[in-house]
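Line order of the protein sequences matches chains A and B. Each residue of the first sequence is one higher than the one before, counting from 13 in our numbering. Each residue of the second sequence is one higher than the one before, counting from 17 in our numbering. C-beta: ideal position from N, C-alpha, C; glycine also. Being a predicted model, the structure only gives us computed values, none of them experimental. I have placed the structure first, in the form of structure tokens, so that the comments after it can refer back to it.
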Amino acid sequence: MADYSNKLYYQLEQETGIQTGYTRTGSIFLAQTQDRLISLKRINAGLNVIGIPSEIISPKKVAELHHLLNVHDLVGAMHVPEDAVVSSADVALALASAASQNGVQIYDRTSVLHVMVKKGQVTGVETDKGQIECQYFVNCAGQWAYELGLSNEEPVSIPLHACEHFYLLTRPLETPLQSSTPTIVDADGRIYIRNWQGGILSGGFEKNPKPIFTEGKNQLEIQNLQEDWDHFEPLLSSLLRRMPELETLEIMKLVNCPETFTPDMRCIMGESPAVQGYFVLAGMNSAGLSFGGGAGKYLAEWMVHGYPSENVWELDLKRFGALQSSRTFLRHRVMEVMPLMYDLKVPRWDFQTGRQLRTSPLYDRLDAQGARWMEKHGFERPKYFVPPDKDLLALEQSKTFYKPDWFDIVESEVKCCKEAVCVIDMSSFTKFEITSTGDQALEVLQYLFSNDLDVPVGHIVHTGMLNEGGGYENDCSIARLNKRSFFMISPTDQQVHCWAWLKKHMPKDSNLLLEDVTWKYTALNLIGPRAVDVLSELSYAPMTPDHFPSLFCKEMSVGYANGIRVMSMTHTGEPGFMLYIPIEYALHVYNEVMSVGQKYGIRNAGYYALRSLRIEKFFAFWGQDINNLTTPLECGRESRVKLEKGMDFIGRDALLQQKQNGVYKRLTMFILDDHDSDLDLWPWWGEPIYRNGQYVGKTTSSAYSYSLERHVCLGFVHNFSEDTGEEQVVTADFINRGEYEIDIAGYRFQAKAKLYPVASLFTQKRRKDDMELSDLHGK
Amino acid sequence: MGRCCCRCCCPRGLWMLSAPCCDDRRMCVCPGPRRIGIPVRSSSLPLFSDAMPAPTQLFFPLIRNCELSRIYGTACYCHHKHLCCSSSYIPQSRLRYTPHPAYATFCRPKENWWQYTQGRRYASTPQKFYLTPPQVNSILKANEYSFKVPEFDGKNVSSILGFDSNQLPANAPIEDRRSAATCLQTRGMLLGVFDGHAGCACSQAVSERLFYYIAVSLLPHETLLEIENAVESGRALLPILQWHKHPNDYFSKEASKLYFNSLRTYWQELIDLNTGESTDIDVKEALINAFKRLDNDISLEAQVGDPNSFLNYLVLRVAFSGATACVAHVDGVDLHVANTGDSRAMLGVQEEDGSWSAVTLSNDHNAQNERELERLKLEHPKSEAKSVVKQDRLLGLLMPFRAFGDVKFKWSIDLQKRVIESGPDQLNDNEYTKFIPPNYHTPPYLTAEPEVTYHRLRPQDKFLVLATDGLWETMHRQDVVRIVGEYLTGMHHQQPIAVGGYKVTLGQMHGLLTERRTKMSSVFEDQNAATHLIRHAVGNNEFGTVDHERLSKMLSLPEELARMYRDDITIIVVQFNSHVVGAYQNQE
């Protein structure tokens, strides 16, 4: 996005003839620590493959590029020579005049009162100067977007919150800085420094931000905000440390200019799930100018075509629900997000504020047993369980790009999943029930979902919910509870998006009943070969594979509790069961499972173990590996599509065409060969993949496989033409014939590419001949 | 009624049960200058002034001897305190620290002190000894306690944000007590400091009992009935108070039943008195009644005695020792301060320009208060006009003119004699008990009736400081309020810097900001406003800033000397919620 903005601003000046202050200065990102340098190297590797020149340079080179810099405490830096600076006011003016030239009318000094909506569709805008009819409305109100969203009759929840942001302006230096002086970002010092009319403009993202306007349009005009030098002191110290010669430079002023932040540091764009035609682009997290151009382009595409040309799920308004809209939550969260701008971004970072919002009824029990938690869509999920005799590092110290301190803990959990049985609380998954009085449910779902749902009652179907382009809008499991009712399990963050999608595509006049039952069920995942033994003891229903084959769903009793939905699937490819338990039974079932399971060596496990298990089995997850631009054919799921059954469904045409033409990218599993997990940097996601030395794509997720004793990465392989760079068809042969390398922060590791999971992992462990006496011991 | 029945005189009696020597600051048998019997204290401290370098040197060996128990032994120290108050061992434990008869009388403390220290000259060569800042902190923070009114993200609907409290002992064991509790059956919060004399028995008893008396006095008739019915039928009782206690603040288990029965009698009487009309309860009246009733009960319990010998001795010690009390009741914007004695309640008010001013919400009941002098003279025959207050003391003995306990000043000589004779041997064995105040003609001379001040809180009233005279002796009220105010508001008290047209370089600005920050960092050393205040009270030098060397020396004084240089200090700082107070104001 920033790249597009850069090009846009460059052209803008030529097109409109209005000065945007566009100057190609380049920028230098300084690293004071090795960890920061690793982080820069990762970014550098990512920039290079998309064609933005950048390089890692030594402190000596930094000094040559910028003579005022103190480089003694630096370990390196990243130089991006084509970065540019513009003046925001000038850009806005240029954009406005370019728009006017093309017939756009701009109303100055007019405030929007609210947006008029009829039948869930935008019809116009009520302003203090009258009504304006329109079909589309874009809420770009920045820090006021939250309130503007709420002013609707049908409120649109846009979770963002402003913080005061300070930057310093000085008078020109004695020998004024040249306009080509590179912009400096000293993230470890929490500051940025750039040339401003021969002087310095410097600001930063301090550790203790001051949130503002919590109570809404505080009627404090932005102009009245106070300078707060005491608050700025740490940043000033940092500036003078970086550029000691500035001591004698005269201050012009300290500007207090609030910036808006979102709960996850990514901007918010897209269409409201509640009101059609109501679009949002806000919450730029202080990067409004650099991303604005690109974001505007995507939003325009979205409005015109119905979807943007890139996957922007991470920015989609629908990743949030009303649950992130508490002002208190936002206030606390942005205080964490703003410093994070310049904090070291390490893998597996969890937000610390605004936690414990949604929890399973077992939360306290698990917490007491050493659970460490991560959060998704407000829901607490266990990462792993720290044994009582073990201590982990404090939060700050645990930040690493290398082997994390929980490695052994997760190893023992994974081992237990493979050899015995583990319980993972997976209550966060989004759960919908779809029922109808007639056969309508099946009819509608057959059209909405790509796999055949007309299966016998009790069967579970893995299926995608595709868009017109054949891309995954959602990847879910659907159990047929009875002829007319279906139980749908989707990823946690699908709660808003999937609901909106279903509502939008279901016939308006149907008597279909769609219900969100996420909160009604606690989900326990019993993973492992012994899961069947545990359940057998708790129920009189036969659990053997003959009676309960894979991908089956039965309502049965577990312990005293009746009506538990038991499904023979684990989301990992391991044997085991998912139990969907009405929440009031959750504690009972958990207690019974744990006490019966004792003799089978049962223990709690967390999502990190699950992740390791599913990635080594090549189970792609929606939102991480696959998204709305990925088709089933591109990730080897042709068998989960009813192309041959002559039934129409959304995305069918696109898939048929793709089947004929071949795919242009293919999800592939990579096993890192010469990677030492103790000493080398760990893969995360977003690492460039090289095939025979050519860049072919990026990884989407990675995990250490304890069974293969190797790192496993998932990622897409493209086939870029060597001459034109155009995308070409990717065949299985193309993938199999390549030599692969994965670039982790500039270091390339050899990798084996696989299109199908490693077969040996699926062999049943418990064969009769292998039984030992020790298996009879209680563990 | 216990107080009114005895108006005769008796030539003999006993004296100060728990303090065999008169090192007590409030009661001094021997004539002579006053405060703690050591005049040195109130003015400058010669020990640390340049005028007296020698003693400073001499002191160090002593300090070293005691350092262990003082610095590392806070826990033992508290334990020791428990022991003293709940066993009959006190006289001995006090005596242990009176090595010299001259020292014990304190008539001319300066010389005595010289003798005392010179007597120790044999100690090894003087060496410098200072407590390190962490050691100082551990002493200062040993008794600190903070309470925040439960809130969610600043949306606190109480007019109180919370309070900080702390105490620094000078007596061994400390004689000050503090209490804080939320009234559960009525609204409001109670906070109080209690300064004991002649031992800690009375202040202890008042600290655990007084709030119950107040809370009961505030209860509506129906609630009282409900509680009484619950007691009668053995059902669970409604909780009346939610205490906010430091772990070192203890309640007597042994006397709990006795105290409960007295309290029950009180509410039974309240029930009987009620005419049936539900009238608004007047807080002022409730406070006065509660104070008087508790004192009455203390007196009665001592007269009646208890079959349990331990309890019997306890109630006598409570009655024969004394305590002042300064209690605040905060309910919304209504602040009542009930004061008996010379502790003080001070309101911190922030003026519009950000500066701080102090508003006194209590009057000291001592010789410095003209009206108290007047009152005493009116309450006794003209013939006693000269003897009632002598050398600024009640009957020449007692500094505060109002107090709990101290039946020596309340009972008739007859009654005193009778109670002591029938009392346990410990009473009769005590040499100092053979003493009746001189000119004791028309008891009672002392009352526990409080003076109640009402104040309606305003948004500019930011906090309330309740403290025993240990603080007010060392610091001016204006300084107290300024220090707390600046502490509570942190940086904000400093005028924000604005460049506004002046020529300022980055370097100059940086220097200025760094300076401001270091100035603040000393404030942030304490998380507790009361601790911060004690740090200033003990460690302030002539420039009004905390001098670590001085602080270190003061805190390393051995137990037997600490009392010469400072009194027990107990402080509660209550912080008000200006938003809520402002909202109350706007409602009207």
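Proximity winner among the options, relative to residue i (alpha-carbon distances)
{"i": "G29 of chain A", "options": "A:H79, A:K19, A:A110 and A:E67", "result": "A:A110"}
{"i": "F425 of chain B", "options": "B:D311, B:K519 and B:H352", "result": "B:D311"}
{"i": "S191 of chain A", "options": "A:L185, A:W208 and A:E176", "result": "A:W208"}
{"i": "R203 of chain B", "options": "B:A217, B:A221, B:L235 and B:P149", "result": "B:L235"}
{"i": "A598 of chain A", "options": "A:A573, A:M579, A:G613 and A:G609", "result": "A:A573"}
{"i": "G318 of chain A", "options": "A:H723, A:K516 and A:T680", "result": "A:K516"}
{"i": "V469 of chain A", "options": "A:R206, A:F564 and A:T582", "result": "A:F564"}
{"i": "E94 of chain A", "options": "A:H78, A:E67 and A:E76", "result": "A:E67"}
{"i": "E191 of chain B", "options": "B:A158, B:V222 and B:L177", "result": "B:V222"}
{"i": "Q432 of chain B", "options": "B:G527, B:T505, B:P453 and B:L414", "result": "B:P453"}
{"i": "G300 of chain A", "options": "A:I747, A:S17 and A:Y716", "result": "A:S17"}
{"i": "I196 of chain A", "options": "A:K72, A:G38 and A:R652", "result": "A:G38"}
Listed by chain order, chain B residues near residue i by CB distance under 9 Å
{"i": "W241 of chain A", "result": "P512, I513, A514, V515, M525, L528, L529 and R532"}
{"i": "E176 of chain A", "result": "In chain order: nothing, as chain B lies at least about 13 Å away."}
Assigned exposure category for residue i - 16 Cβ within 10 Å defines buried
{"i": "T340 of chain B", "result": "buried"}
{"i": "E467 of chain B", "result": "buried"}
{"i": "A101 of chain A", "result": "exposed"}
{"i": "R650 of chain B", "result": "Missing from the structure shown is residue 650 of chain B; chain B here goes from 17 to 604 and no further."}
{"i": "V596 of chain B", "result": "buried"}
{"i": "F267 of chain B", "result": "exposed"}
{"i": "A401 of chain B", "result": "exposed"}
{"i": "S51 of chain A", "result": "buried"}
{"i": "C152 of chain A", "result": "buried"}
{"i": "H552 of chain B", "result": "buried"}
{"i": "F559 of chain B", "result": "exposed"}
{"i": "F76 of chain B", "result": "Bear in mind that the predicted position of F76 of chain B carries a pLDDT of just 40, short of 50, making it unreliable; the figure below should be weighed with that in mind. Looking at its Cβ environment, which holds 16 or more other Cβ atoms inside 10 Å, F76 of chain B is buried."}
DSSP three-state assignment for residue i, whether helix, strand or coil
{"i": "L156 of chain B", "result": "helix"}
{"i": "E218 of chain A", "result": "coil"}
{"i": "Y702 of chain A", "result": "strand"}
{"i": "C428 of chain A", "result": "helix"}
{"i": "E166 of chain A", "result": "coil"}
{"i": "E467 of chain B", "result": "strand"}
{"i": "N328 of chain B", "result": "helix"}
{"i": "G305 of chain A", "result": "helix"}
{"i": "T72 of chain B", "result": "Confidence at T72 of chain B is low in this model, with a pLDDT of 37, below 50, so the placement of that residue is unreliable and no value is reported for it."}
{"i": "W513 of chain A", "result": "helix"}
{"i": "L248 of chain A", "result": "helix"}
{"i": "Y319 of chain A", "result": "coil"}
{"i": "Q31 of chain A", "result": "coil"}
{"i": "C25 of chain B", "result": "Its pLDDT being 36, under 50, C25 of chain B is placed unreliably by the model, and nothing is read from it."}
{"i": "K433 of chain B", "result": "helix"}
Chain-ordered neighbours of residue i on chain A, where CB pairs are closer than 9 Å
{"i": "V520 of chain B", "result": "E262 and I263"}
Where residue i meets chain B, residues with beta-carbon distance less than 7 Å
{"i": "S249 of chain A", "result": "H526"}
{"i": "E259 of chain A", "result": "T521, L522 and G523"}
{"i": "L81 of chain A", "result": "Ordered by position in chain B, no residue passes the 7 Å Cβ test against L81 of chain A, which lies about 15 Å from the chain."}
Proximal chain B residues relative to residue i, where beta-carbon distance stays under 8 Å
{"i": "L252 of chain A", "result": "L522, G523 and H526"}
- Query: For the stretch 330-417 of chain A, which segments carrying the alpha helix (DSSP H) assignment without a break, of at least 4 residues, lie completely within its bounds, in sequence order?
  - Reply: Whole alpha helix (DSSP H) segments, 4+ residues: 339-352 and 375-380.
- Message: Runs of 4 residues minimum, wholly inside the stretch 361-412 of chain B: which ones carry the alpha helix (DSSP H) assignment?
- Response: Taking 4 residues as the minimum length, the alpha helix (DSSP H) runs contained wholly in the stretch 361-412 of chain B are 386-395 and 401-404, in order along the chain.
- Run through the stretch 524-606 of chain A for me and flag every whole beta strand (DSSP E) of 3 or more residues, listed as ranges in chain order. Here the runs fully enclosed are 525-528, 533-539, 565-570, 573-579 and 588-594.
- Item | Minimum length 4: unbroken alpha helix (DSSP H) runs contained in the stretch 79-122 of chain A | 100-113, all fully within the stretch 79-122 of chain A.
- Task: Only counting runs of 4 or more residues, tell me where the alpha helix (DSSP H) segments fall wholly within the stretch 526-587 of chain B, in order along the chain.
- Result: Complete alpha helix (DSSP H) runs here, min 4: 545-555, 564-571 and 575-581.
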